[in-house]
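Going down the list, the protein sequences come from chains B and G.
Remember, our numbering sits 482 above the position in the first sequence when you count from 1.
Remember, our numbering sits 482 above the position in the second sequence when you count from 1.
Just so it is clear, CB atoms sit at the ideal spot from N, CA and C, and this is done for glycine as well.
Predicted, not measured: the structure shown is a model, and the values here were computed from it.
A short worksheet on the structure shown next.
2 protein chains.
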Amino acid sequence: MKDTGINATFKGCGLKNTKSRLAILDILERSVQPVSAEQIFLELKEKNISANLSTVYRTLDKLTEKKLVTKLQITGDSRALFEYNRMVHKHYLICLECKKITAIESCPLGDYVKALARETDYSIAGHRLDIYGFCPDCRKKD
Amino acid sequence: MKDTGINATFKGCGLKNTKSRLAILDILERSVQPVSAEQIFLELKEKNISANLSTVYRTLDKLTEKKLVTKLQITGDSRALFEYNRMVHKHYLICLECKKITAIESCPLGDYVKALARETDYSIAGHRLDIYGFCPDCRKKD
DNA sequence: TTTAAAAATGCAATTCATTCGCATTTGCAT
DNA sequence: ATGCAAATGCGAATGAATTGCATTTTTAAA
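If you want it as structure tokens, here you go:
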């Protein structure tokens with residue numbers, strides 16, 4: 483039994499190794515944009531791995547719980563989006579026109595958050611920054 | 483017919499002046515914390531103004547559309563929250579324990595957003611920053 | 001002050017994303 | 001091989017929000 487590769491990922495975190503689970507993580511890992519449960523469901527179908535939609539949701543829950551995946555709630559989208567967790571702190575730049583989501587891996591908030599903790603006496607656990615605008619492509623079209 | 487006070491607010495923006503509308507805006511104006519549609523619905527009932535829940539939603543939509551009210555989607559709350567729009571750019575500090583929401587009226591992002599616009603060639607329309615942590619009261623309790 | 005059109009409302013039904021209960025199946029340690 | 005926990009499929013249920021439609025209210029104009 484080998485302990486390397488994606489199989490090891492699940493074993494290591496106490497999840498069983500199922501076909502759909504592997505496929506879902508694979509889709510997420512390959513995906514450029516964050517994806518919804520529905521999108522994953524459809525993509526699985528195309529690949530003839532057809533998992534039930536509730537299985538997709540349950541799997542995404544587990545993956546999120548195990549921090550293999552990050553769940554995103556982008557305002558203006560009623561659905562949650564999911565992305566493979568590359569263990570990088572990110573923010574998102576969202577095009578209001580085409581809905582494209584671009585990750586920004588720099589964070590301007592380090593010192594600010596520390597100062598805020600001091601001022602407010604909160605212990606700060608995290609933050610979320612989304613930036614909205616119009617991408618170069620969409621700007622041209624108008 | 484007087485044109486001052488809260489009545490003028492509605493007239494000025496092309497909304498009719500109804501009892502529930504006035505009461506809803508009043509609740510929002512007085513409220514320290516952002517409130518959900520359901521909360522407003524219940525508060526109206528207590529005041530014997532009992533509007534239908536869908537009326538509450540429709541009213542909140544209109545008020546949001548007219549920028550009299552701001553709609554908030556705080557992560558971890560499935561419902562939307564609404565607050566009176568005092569025309570101040572704000573961010574929110576949310577206690578993960580007691581769910582208290584504190585507005586922060588300073589914004590550390592001015593220059594950052596400008597630089598980002600330059601770098602990415604996006605036209606930036608806005609941003610959203612929520613900060614999560616534990617408030618002093620909840621920290622003591624643990 | 002009456003009146004007609006537009007806007008707002010109540011109510012019930014509907015939508016949509018997500019969750020749940022439960023019977024069945026699968027993965028995996030022994 | 002086998003037993004048990006975990007995972008799955010399926011349909012039903014949830015909860016927030018929206019919609020269609022008949023009725024009522026507001027408001028501007030006659």
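Quiz item: What's the gap between the Cα of Ala607/B and the Cα of Gly592/G?
Solution: 23 Å
Quiz item: Under 9 Å Cβ-Cβ, which residues of chain B neighbour Cys580/G?
Solution: Going along chain B, no residue has its Cβ under 9 Å from Cys580/G, so there is no contact; the nearest lies around 12 Å.
Exercise. Check each residue of the region 549 to 583 of chain B: if its Cβ is closer than 7 Å to any Cβ of chain G, include it; give the result in chain order.
Key: Gln555, Thr557, Leu575 and Leu578
Quiz item: Which stretch, first to last residue, makes up the alpha helix (DSSP H) that contains Thr541/G?
Solution: Leu535 to Glu547
Self-check item: Proximal residues, the region 593 to 619 of chain B versus chain G, C-beta separation under 8 Å
Solution: Tyr594, Val595, Leu598, Ala599, Thr602, Asp603, Tyr604, Ser605, Ile606, Ala607, Gly608, His609, Arg610, Leu611, Asp612, Ile613, Tyr614, Gly615, Phe616, Cys617 and Pro618
Quiz item: If you measure from the beta carbon of Glu520/G to each beta carbon in chain B, is any gap under 8 Å?
Solution: no
Practice problem: Mind reading off the beta-carbon distance from Leu526/B to Ala533/B? Whole number of angstroms is fine, and I expect it under 8 Å. | Solution: 5 Å
Quiz prompt | Span of the beta strand (DSSP E), counted from its first residue to its last, around Cys577/B | solution = His573 to Cys577
Quiz prompt | the region 541 to 559 of chain G contacting the region 497 to 505 of chain G, beta-carbon criterion three pairs below 8 Å | solution = yes
Practice problem: Mind the definition here: the region 592 to 605 of chain B touches the region 549 to 560 of chain B only if three or more C-beta pairs lie below 8 Å; say whether that holds. | Solution: no
Quiz item: Quick one, which of Tyr594/G, Leu578/G, Tyr574/G and Val595/G has its alpha-carbon nearest Lys586/G's?
Solution: Checking the sequence shown, residue 586/G turns out to be Ile, not Lys. It is Tyr574/G.
Quiz item: In the region 551 to 619 of chain B, which residue ranges form an unbroken beta strand (DSSP E) of at least 3 residues, counting only runs that do not cross its ends?
Solution: 551 to 554, 563 to 566, 573 to 577, 583 to 586 and 605 to 616
Practice problem: List the residues of chain G that Pro516/B touches, going by C-beta distances under 8 Å, in chain order. | Solution: By Cβ distance, chain G contributes nothing, its closest Cβ being about 14 Å from Pro516/B, past 8 Å.
Quiz prompt | Proximal residues of chain G, C-beta to C-beta of Leu497/B below 8 Å | solution = Ordered by position in chain G, no residue passes the 8 Å Cβ test against Leu497/B, which lies about 24 Å from the chain.
Quiz item: Is Ser502/B helix, strand or coil by DSSP?
Solution: helix
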